[in-house]
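**Q** Just so you know, the first sequence maps onto residues 843 to 1494 in our numbering. Don't be surprised by glycine CBs; every beta carbon is placed ideally from N, CA and C. Here the structure is a predicted model, which means the values were calculated and not measured. Here's a structure for you.
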Amino acid sequence: MLFVFTLIRFPTKKKDTMNIRKTLEQRISRALQTAGAADAPALVVPSGRPEFGDYQANGCMAAAKKMKTNPVEFAKAVLEKLDLSDLAEKVEIKGPGFINIFLKREWLDDQLGSMKADEKLSVSQPETPETVVVDYSGPNLAKEMHVGHLRSTIIGDALARTLQFIGYKVIRQNHVGDWGTQFGMLAAFLALQYSIKQTENGLFFEAVSHIKDLDGYYKLANEWFKSSEENQQKSRDFVVRLQSGDPEIVPYWKEFCNLSLSHARTIYGRLGVLLGKNDVRGESLYNDYLPQVVKTLDEKGLLKESEGAKGVFLNEFKNKDGDPFFMIVQKSDGGYLYATTDLAAIWFRCGKGKEDGTVDWTAGRVLYVTDSRQAQHFAQVFTVAKKAGFADRTWLGHLAQASQGHPAPVQEAKTTGGTPVARLDETSKPQVSLEHVPFGMMLGTDGRPFKTREGGTVKLMDLLDEAESRAGALVKEKNPDLSEDKVKDIAHKVGIGALKYADLSQNRTSDYVFSWDKMLSLEGNTAPYMQYAYARIQSIFRKQDETSPACQGGDDADNGAIHVSEPAERALAVKLLQFPETVESVAEACMPNILCAYLYELAGAFMSFYENCPVLKSEGAVRASRLALCRLTAMVIQQGLALLGIETLEQM
RNA sequence: GCGCCCGUAGCUCAGUGGAUAGAGCGCCUGCCUCCGGAGCAGGAAGUCAGAGGUUCGAAUCCUCUCGGGCGUACCA
């Protein structure tokens, strides 16, 4: 018992020494406090200019203002309470009260050494690794995936990878659209127009071999539907029977969904997106919950009726007439809506699924990676979910633990770029953090919602083909001696990497102008730039094995101690050490573009280092140190790109 | 009407209340007998839509105006 108690009270905590920003933040906050400014944030940020050091603390001015003292005098007082001698060679006050910190080279050397020895690259694990559900991609199975699905799929995947790396338990959820009247039509067409064989694996439809693309199938089905009154009637019968769970009909619908899902899986495979069969939890799986959702809302006294429809009035939102918004959960004909399904999904994810034994987890945080047009919808759904208690915590996360014996801390509502998020409701009952992670729309070069010249959408498959073929052409041009297989492999990694990076590097909240050239560009701030830096480093190690037989095998070739001295080395060193704080920011704000910007700066710092500091031509300790620096840079670039779902290559 | 988002270099976009607003593309000037030139070093290019306000300090926060987008009761 005592052992357990000890574990709970003193969780094994990794030391946080390597997150520069956090370390400085803690030390300076303490100094501020000692100097008389309680609760004043230190406001530590990397310095804007080299002459201002590596980091600057901006908190003194505001604190002094609050205390009505002279900011420079106060900064001096803070400095007296502040001992950074172990990590800084100089700490000075400049301007109206900035504290500029110049990190010590020896300290940088130490930090780089421990970072290199750590498989997590100094990214510290959360003390309580809660379960985070990431809901992303979620294509409608009736149609083929197009460019509009790219952002959710890629951004969601990068966030899931990042959260997982940090140490959260990540549950990927592919909330595919697999329900609704159109599925009755599609299934009916499959059942009635194609020959069917029973095989060991279930049904086999002749259609499967004919359907080259889903959109073509959809078009055919639609024509069939429209061609006669009889077909329409058959189709409607199908819908009714399907929705009542008729065992004769369900297999047809299932087969169609499988067909469509296999198309999605092909796309995911080519994109390198980690969404598998087990991550698919379509709308239809919540069907059984829908009546219960409505019933629960009724029991909580939230359910009202208006013009025949059932729903919840929300004072927090206004409708066109300025009256409370009415969120409908059951139509006047008895049917349910997406708001109902979303409520059911929240319920499922936040405890109901575990209670039912369907899954073995319950969420502490749920991220919805969908376009920004749904912001209002989610704000409303989250509000209702909280009122109804669908998102109450059944698992005690860090919030509950932190508040043991005290009133629960009231946290400020925060946003993840759109929807306000409340972690605690008005009764201070711990709640799951439900966060909409919105992204902007895909626009054409005319600034209008993106469409092809024919008015259609660009198929994702076509975009991937184009990305790889453009990259392939470039690879052949740069390196004509490579084998066909090699070219193909490089073209794939470079092309897909560029495509993903083009999307991820943009602030997700802004609208996105679709451009073949921009999306598939391979120069400048693109994924290939980082891949190229990585390949250059690998090239150094290959050459190093050849030129220095004593070090062959590479085992200890890069194991030398790092001693930064040249300015370019120092700049690279500081950049490398900023990896942990960058990854944390990405996870907290759900902004992969922060990581992209970081990696671009890192690769840039390496390129300068590469130009200014010869590695293989240097000797002794300098050579060993530079080799080690190269190795660590390669590790960070590889890991950083991996968090974005982008692969590295040994050669390109 | 109401709500939310946006307006930054020729184009596409970064930018956490901090010091002289940054990248990429395009344009101009240098750099491959030298670890991979998909690169490096540098240059030109800005009334941060406009006007007020808060602040020691505003592209960032508040108000208004102009311009654009999205959403707004039985689609998702």
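Among 988, 1158, 1272, which residue has its Cα nearest to the Cα of residue 1220?
**A** The residue among 988, 1158, 1272 with its C-alpha nearest the C-alpha of residue 1220 is 1158.
**Q** Measuring straight from C-alpha to C-alpha, what distance separates residue 1015 and residue 1128?
**A** The straight-line gap separating the alpha-carbon atoms of residue 1015 and residue 1128 is approximately 13 Å.
**Q** Less than 7 Å between the C-beta atoms of residue 1458 and residue 1373, yes or no?
**A** Not in contact: residue 1458 and residue 1373 (Cβ atoms no closer than 7 Å).
**Q** For residue 1122, which option in 1107, 1111, 891 has the closest C-alpha, if you only look at C-alpha atoms?
**A** 1107
**Q** Quick one: measure Cβ to Cβ for residue 1115 and residue 999, integer angstroms, because I've assumed they're closer than 8 Å.
**A** 5 Å
**Q** Go ahead and pull the three-state DSSP assignment for residue 950.
**A** helix
**Q** Hey, how far is the Cα of residue 1174 from the Cα of residue 1036?
**A** 36 Å
**Q** Do residue 800 and residue 1124 have their C-beta atoms closer together than 7 Å?
**A** The structure shown does not extend to residue 800, since the chain spans only 843 to 1494, so no value can be given for it.
**Q** Between 895, 899, 939, which lies nearest to residue 911 when the distance is taken from Cα to Cα?
**A** 939
**Q** Tell me which same chain residues have a C-beta within less than 6 Å of the C-beta of residue 1330, skipping the five on either side of it?
**A** Closer than 6 Å at Cβ, skipping near neighbours: no residue.
**Q** Have a look at 1456, 990, 980 and flag the residue whose alpha-carbon is nearest the alpha-carbon of residue 1378.
**A** 1456
**Q** Put residue 1105 into one of helix, strand or coil per three-state DSSP.
**A** helix
**Q** How many angstroms separate the CA atom of residue 908 from the CA atom of residue 875?
**A** 13 Å
**Q** Quick check on the DSSP output: the alpha helix (DSSP H) that includes residue 1030 runs from which residue to which?
**A** Boundaries of the alpha helix (DSSP H) around residue 1030: 1023–1035.
**Q** Identify every run of the beta strand (DSSP E) within the stretch 1096–1184, keeping only runs that are complete inside it and at least 3 residues long; order them along the chain.
**A** You should have 1145–1148, 1151–1160, 1166–1172.
**Q** Which of the three DSSP states is assigned to residue 1374 in this structure?
**A** helix
**Q** Based on DSSP bridge pairs, tell me the residues matched to residue 1019.
**A** 982
**Q** Measuring alpha carbon to alpha carbon, tell me which residue in 1160, 1142, 1182 is nearest residue 1151.
**A** 1182
**Q** Between residue 1473 and the rest of its own chain, which residues show a CB-CB distance below 6 Å, the 5 nearest in sequence each way excluded?
**A** Excluding positions up to five away in sequence, the list reads 1400.
**Q** Determine the direct distance from the alpha carbon of residue 1356 to that of residue 1291, and round the result to whole angstroms.
**A** 10 Å
**Q** Assess, as a yes-or-no matter, whether the stretch 1000–1011 is touched by the stretch 1195–1202 under the definition of 3 or more beta carbon pairs within less than 8 Å.
**A** no
**Q** Pull up the DSSP beta-bridge partners for residue 1278, would you.
**A** 1210
**Q** Assign residue 991 to one of three DSSP states: helix, strand, or coil.
**A** Correct three-state label for residue 991: helix.
**Q** One question on the structure: do residue 872 and residue 886 come within less than 7 Å of each other, judged by their Cβ atoms?
**A** With contacts defined by Cβ atoms closer than 7 Å, residue 872 and residue 886 do not form a contacting pair.
**Q** Roughly how far, in whole angstroms, is the beta-carbon of residue 916 from the beta-carbon of residue 906, given that I think they are within contact range, below 8 Å?
**A** 4 Å
**Q** Taking the alpha carbon of residue 1202 as the point to measure from, which residue in 1307, 1013, 1412 has its own alpha carbon closest?
**A** Relative to the Cα of residue 1202, the nearest Cα in the group 1307, 1013, 1412 belongs to 1013.
**Q** Tell me where the beta strand (DSSP E) around residue 943 begins and ends.
**A** In the DSSP assignment, residue 943 falls within the unbroken beta strand (DSSP E) covering 940–945.
**Q** Around the Cβ of residue 973, are there at least 16 other Cβ atoms within 10 angstroms (buried) or fewer (exposed)?
**A** buried
**Q** Have a look at the DSSP bridge pairing and note the partners of residue 1285.
**A** 1291, 1355
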